[in-house]
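First the structure, in the form of structure tokens, and then the observations on it.
Take a look at the structure:
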């Protein structure tokens with residue numbers, strides 16, 4: 001997105017600057033995640049949404065950095081593993097540093113995010129990001145509760161991804177209207193855009209985690225399977241499966257008994273019931289809703305960029 | 319402290335109210351810690367400091383709740399255990415719920431704290447609590463770095479406890495002057511009071527962790543020893559120890575090789591070098607500095623209450 005390339009570069013500089021601490025392990029560990037983060041999707045959304053609203057100041061750069069800090073803190077806390085997972089020999093995500101540093105550096109980044117928000121001196125932006133942070137934590141807890149539980153409903157799954165992903169996307173885009181001091185209708189349109197995009201993004205992520213093509217590209221697949229996460233592809237295949245198939249899902253996902261061939265078998269069952277294809281179809285529906293939410297804005301470069309983000313998110317899966 | 323009994327009761331009500339979530343595990347787990355927290359020392363400090371400054375509104379109640387939420391989030395994150403500790407079979411703190419729920423519910427409480435702060439609509443109180451949160455995380459990371467490392471200096475130890483304990487104490491008391499809109503000198507006096515009290519409090523805590531009397535009262539001792547935490551009693555005894563004693567500390571604290579009789583041996587070595595007594599002497603010095611910091615305030619019930627807190631913290635060890 002050339003439109004916001006300069007802003008994004010300023011945002012990156014700010015992120016590196018603000019993750020500094022005299023406690024050297026903090027920038028070391030944070031750099032590991034922040035650098036690996038790569039695509040900077042969430043801050044990019046704040047930057048583009050601000051442009052869409054005609055904003056010409058600099059506040060959007062630090063708000064975009066706040067959004068990325070909150071996301072990074074979440075990634076670090078997602079890396080924490082539980083005793084049960086360790087027992088199954090699956091501790092690898094935070095193998096480099098261990099549980100405790102991941103937690104504490106995440107806390108530091110979260111506190112830094114709030115310090116940066118406070119510098120923006122707007123209670124409204126603070127409210128939006130604090131509420132998104134609380135919803136995000138609720139979504140993560142709900143995900144934990146539904147883990148290993150095949151009685152999870154589609155509605156519960158949707159609630160999980162609305163919390164863990166869509167809430168921060170919606171906050172990131174809503175901020176654009178808020179910094180530009182635009183009317184409520186535009187803030188709500190951008191919120192709806194971010195919310196629907198976030199759901200589409202997570203649906204695609206959940207589909208890709210079982211994708212054979214991803215595996216052929218050298219990307220990790222099967223993380224959700226190993227963790228017993230209840231994602232839409234599995235819920236669909238489980239629901240439509242016969243008795244033997246349902247027993248397979250129960251053994252592997254509920255009881256956590258997995259052998260080497262099981263991920264392949266899971267992929268075959270998803271294929272049989274078109275679990276991935278149907279998940280991506282849903283993602284497209286949400287993506288269309290995201291694009292429609294932008295209807296109230298005039299066509300311009302920023303709007304095209306935000307539409308491109310939706311296409312990019314969904315095309316990952318095609 | 320009768321003076322603030324009503325305020326503290328209002329604060330407790332607010333805490334229970336605001337830790338609510340439709341995700342039932344959150345209030346369940348939070349209640350477990352919040353209820354166990356018991357003494358509510360930090361919010362009590364905010365309440366008493368506000369009274370000392372002649373404040374008569376209600377803002378101090380919600381700020382006190384924010385302070386307690388931040389503290390509770392820290393406790394939950396402190397419960398997270400690392401693979402190495404698990405390997406030594408020492409995972410018990412969060413045995414009831416596991417690592418991940420502790421992390422995520424802590425995140426939720428931290429976000430809730432900020433939501434509550436934002437309702438206070440003061441950028442100044444937000445700044446104080448966000449800065450304390452960042453310093454707290456830095457102190458915790460520094461503690462992790464010095465763990466199992468007997469080359470830790472007293473200055474480094476002091477920096478750890480200033481971060482992990484004194485920063486939030488200082489913020490809690492400084493808030494009293496800020497809500498009451500008192501001059502900078504009073505804010506700084508209350509900050510100095512909280513800072514010195516926090517150090518004294520942590521020194522006593524670190525002494526009690528090796529105290530035979532505590533053990534006889536049925537309280538847990540030896541947690542710091544098992545975790546290889548570098549606390550002042552140990553640093554003093556190690557520094558003054560002979561070759562055989564230093565080898566003992568290296569084996570048990572640096573290499574983590576501990577047998578059943580080792581805590582007893584550690585206690586004998588601390589006794590020989592008066593490690594506990596000298597730590598408590600230091601605590602008294604900080605306690606006196608805390609009391610002196612209150613000199614600029616006129617004598618009244620609130621001031622006596624804050625002086626009592628210092629005495630209470632130190633008398634735990636006598």
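Chains as they are written, first to last, in the working numbering: chain A, 1 to 318; chain B, 319 to 636.
For every residue, glycine included, the Cβ atom is placed at its ideal position computed from N, Cα and C.
Residue nearest to residue 460(B) within the set 523(B), 483(B), 537(B), 575(B) is 483(B) (criterion: CA-CA distance). Look at residue 255(A) here: in three-state DSSP terms it is coil, with no helix or strand label. Residues of chain B with a Cβ closer than 8 Å to the Cβ of residue 101(A) are, in chain order, 459, 462. Assignment of residue 465(B) by DSSP, reduced to helix, strand and coil, places it in the coil class. If you draw a 10 Å sphere on the C-beta of residue 110(A), you find 16 or more other C-beta atoms in it, and that means buried. Going by C-alpha positions, residue 62(A) is about 15 Å away from residue 124(A).
Straight-line measurement puts the Cα of residue 228(A) at about 38 Å from the Cα of residue 60(A).
Here the C-alpha atom of residue 557(B) lies approximately 22 Å from the C-alpha atom of residue 577(B). Residue 425(B) has a beta carbon lying within less than 7 Å of a beta carbon in chain A. Membership of residue 389(B) in the alpha helix (DSSP H) is indicated by the continuous run 377-396. Rounded to whole angstroms, the gap between the alpha carbons of residue 570(B) and residue 202(A) is 47 Å. Following the DSSP letters along the chain, one finds residue 557(B) inside the alpha helix (DSSP H) bounded by residues 550-558. Between the C-alpha atoms of residue 385(B) and residue 197(A) there is a straight-line separation of about 36 Å. Contact check between the segment 629-636 of chain B and the segment 332-350 of chain B: fewer than three CB pairs, one atom from each, fall below 8 Å, which does not count as touching. Not flagged as an interface residue toward chain A: residue 352(B), since no C-beta distance is shorter than 7 Å. By the CB criterion at 7 Å, residue 103(A) and residue 421(B) fall inside the cutoff.
Residues of chain A with a Cβ closer than 8 Å to the Cβ of residue 612(B) do not exist; the shortest Cβ-Cβ separation is about 29 Å. Exposed is the label assigned to residue 324(B), since fewer than 16 other Cβ atoms lie within 10 Å of its Cβ. Of the residues 425(B), 541(B), 388(B), the one whose Cα lies closest to the Cα of residue 465(B) is 541(B).
With respect to chain B, the C-beta atom of residue 197(A) has no partner C-beta closer than 7 Å.
In this structure, the beta-carbon distance from residue 296(A) to residue 307(A) does not fall below 7 Å. Cβ neighbours of residue 154(A) within its own chain (closer than 8 Å, five residues either side excluded): 232, 235. Excluding sequence positions up to five before and after residue 555(B), its CB lies within less than 7 Å of the CB of 587, 588, 591, 593, all in the same chain and listed in chain order.
Looking from the CA of residue 30(A), the closest CA among 76(A), 40(A), 9(A) belongs to 76(A). 264(A) is the residue among 199(A), 264(A), 230(A) whose C-alpha sits nearest the C-alpha of residue 215(A). In the structure shown, residue 471(B) falls within a coil segment according to DSSP collapsed to helix, strand and coil.
Inclusion of residue 579(B) and residue 370(B) in the CB contact set at 7 Å is not warranted, their separation being larger than that value. DSSP places residue 7(A) in the uninterrupted alpha helix (DSSP H) bounded by 5-18.
When the five nearest sequence neighbours on each side are left out, the beta carbons in the same chain lying within less than 6 Å of the beta carbon of residue 563(B) are those of 587, in order along the chain.
When CB distances to chain A are screened at a threshold of 9 Å, not a single residue of the segment 520-547 of chain B falls below it. For residue 161(A), not one C-beta of chain B is nearer than 7 Å to its own C-beta. Residue 118(A) reaches chain B at 441, 444, 445, 448, counting residues in chain order whose Cβ is nearer than 8 Å. Close to chain A, meaning a Cβ-Cβ distance shorter than 8 Å, are the following residues of the segment 326-355 of chain B: 339, 340, 341, 343, 344. DSSP, reduced to helix, strand and coil, places residue 277(A) within a helical segment of the structure shown. Comparing alpha carbon positions, the residue from 41(A), 254(A), 114(A), 23(A) closest to residue 313(A) is 41(A).
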